[in-house]
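> In the numbering used here, the protein residues as written are 125 to 460. Just so it is clear, CB atoms sit at the ideal spot from N, CA and C, and this is done for glycine as well. Note that the structure is predicted; figures quoted are calculated from it, not measured. Could you have a look at this structure, given as structure tokens, before my questions?
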């Protein structure tokens, strides 16, 4: 199977009339203006020049509500992208948009130009969370849009956020389960950050909003990842893509932003798995030995900043972690 890669084209907030409390797309994406149609060709060609022919490549319109921009501009963007499908340089087009910006007319246009995947910014499926976040739609809108997307033969992605106003671990878990039940094949998980210039910043400064701690963001995300993995929903990203804007203290006011968030989450998942096996290892009186794991999971098994290795050492186990190519994702074996 070919590895997947995206050519990201960011189109920030061209048309969205809703000002969600968390949203300042320019700050989040690090993009302050949308590319002109002629600039899109340059972006695509630049990425294609660095990509292996072994990869399955999609052009991805991200950063805002694509289907909310003017139809003629949508078509200009899509026509350019579609040329690369026709020349077999890319396999498809994916885009992100709002649930309430989906209808049959829009889907007919997207289908015409070879769009394969539509990602909806669901963010939450709890109506109170949606209302307090200023989303401008309810869970019913998410359900209706998801059903229509799948009915028309597109792949469905549903993005979620954790730690929004009035959110809780239980509500976040329910959102994850709803995403599974709505038929999403992929998802993205974003902890809520307080970005300068947003309504959330004002709520935070007035003491009416508290962001998740980094520790809680990791623990919440761990539980959500388990749900998606159990149900074969592909996790495309955990945490926002790093940008110079997010690394700047002028943009990020507060919240659980960390460049290694995914690694920290996977470390905790592996920590749980290793602890489950500890009793067996104690009975067998293993002290100096090797833990064999999937090669791609090796760094996660060792842990962020070697957390899991240190945990075992503190318990008296002198271990060496070894990666094995053909192991299942979470397979663990021991050897001397």
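Let me know the secondary structure DSSP gives residue 194 once reduced to three states.
Correct three-state label for residue 194: coil.
> How would you call residue 221, buried or exposed, if buried means at least 16 neighbouring beta carbons within 10 angstroms?
Under this definition residue 221 is a buried residue.
> DSSP puts residue 127 in a beta bridge; with which residues?
Paired residue(s): 179.
> Is residue 357 helix, strand or coil when you go by DSSP?
Three-state DSSP puts residue 357 in coil, outside helix and strand.
> Mind reading off the beta-carbon distance from residue 310 to residue 287? Whole number of angstroms is fine, and I expect it under 8 angstroms.
Residue 310 to residue 287, Cβ: 21 angstroms. No contact.
> What's the C-alpha gap between residue 438 and residue 417?
The alpha-carbon atoms of residue 438 and residue 417 are separated by roughly 21 angstroms.
> Start and end of the beta strand (DSSP E) containing residue 315?
Looking at the DSSP string, the run of the beta strand (DSSP E) that includes residue 315 is 310–315.
> Whole angstroms are fine: how far does the CA of residue 342 sit from the CA of residue 446?
Distance between the alpha carbons of residue 446 and residue 342: 25 angstroms.
> If you pair each beta-carbon of the region 331–342 with each one of the region 295–307, do three or more pairs fall below 8 angstroms?
The answer is no - the region 295–307 does not touch the region 331–342, with fewer than three Cβ pairs under 8 angstroms.
> So what's residue 362 in DSSP terms, helix, strand or just coil?
Residue 362: strand per DSSP, three-state reduction.
> Count the other C-beta atoms from every protein chain shown that fall within 10 angstroms of the C-beta of residue 306, then say buried if there are 16 or more, exposed otherwise.
Label assigned to residue 306: buried.
> Name the one or two DSSP bridge partners that residue 134 has.
Paired residue(s): 186.
> If I'm right that residue 308 touches residue 357 with Cβ under 8 angstroms, what's the distance once you round it to whole angstroms?
Right, the Cβ-Cβ distance comes to about 6 angstroms (below 8 angstroms), so this counts as a contact.
> Are the region 189–205 and the region 158–173 touching by the rule of at least three beta carbon pairs closer than 8 angstroms?
The answer is yes - the region 158–173 touches the region 189–205, with three or more Cβ pairs under 8 angstroms.
> What does the alpha-carbon distance come out to for the pair residue 244 and residue 283?
Answer to the nearest angstrom: the Cα atoms are 6 angstroms apart.
> Among the residues of its own chain, which have a CB less than 6 angstroms from the CB of residue 152, if the five just before and after it don't count?
Low confidence applies here, because residue 152 scores a pLDDT of 49, under 50, leaving its location unreliable and the question unanswered by this model.
> So is residue 419 buried or exposed if we call it buried at 16+ other beta carbons inside 10 Å?
Under this definition residue 419 is an exposed residue.
> Hey, how far is the Cα of residue 413 from the Cα of residue 436?
Between residue 413 and residue 436, the C-alpha separation is close to 12 angstroms.
> In chain order, which continuous runs of the alpha helix (DSSP H) of length 4 or greater are located wholly inside the region 416–443?
Counting only runs of 4 or more, we get 422–426 and 431–438.
> Of all the beta strand (DSSP E) runs that stay within the bounds of the region 285–345, which reach a length of 3 or more residues?
With a minimum length of 3 residues, the continuous beta strand (DSSP E) runs that stay inside the region 285–345 are 310–315.
> With residue 394 and residue 432 assumed to form a contact (beta carbons below 8 angstroms), what rounded beta-carbon distance in angstroms separates them?
That pair is a contact at about 6 angstroms.
> For a quick check, are the C-beta atoms of residue 136 and residue 188 less than 7 angstroms apart?
In contact: residue 136 and residue 188 (Cβ atoms closer than 7 angstroms).
> Which value, in whole angstroms, describes the spacing of the CA atoms of residue 354 and residue 238?
Computed Cα separation, rounded: 31 angstroms.
> According to DSSP, what are the bridge partners of residue 412?
442, per the DSSP bridge assignment.
> Alpha carbon to alpha carbon, how far is residue 350 from residue 169?
Between residue 350 and residue 169, the C-alpha separation is close to 37 angstroms.
> Using DSSP bridges, identify the partner residues of residue 282.
Paired residues: 244 and 311.
> Grouping DSSP H, G and I as helix and E and B as strand, with all else coil, what is residue 153?
Summary for residue 153: the model assigns pLDDT 47, below 50, so the residue's position carries little reliability, and this model does not support an answer.
> Assuming contact is defined by CB atoms lying nearer than 7 angstroms, are residue 397 and residue 362 in contact in what I supplied?
It is not a contact, given that the beta carbons lie outside the stated cut-off.
> For residue 440, collect the residues of the same chain with a Cβ closer than 6 angstroms to its Cβ; drop the 5 residues on either side in sequence, then sort them by chain order.
Once the five neighbours on either side are set aside, residue 440 has no close Cβ partner at all.
> Please determine, among 359, 400 and 234, the residue with the shortest C-alpha to C-alpha distance to residue 314.
Among 359, 400 and 234, the Cα nearest to that of residue 314 is on 359.
> Decide if the region 176–184 is in contact with the region 212–221; the criterion is three or more beta carbon pairs, one per stretch, under 8 angstroms apart.
Contact between the region 176–184 and the region 212–221 is present, because at least three Cβ pairs lie under 8 angstroms.
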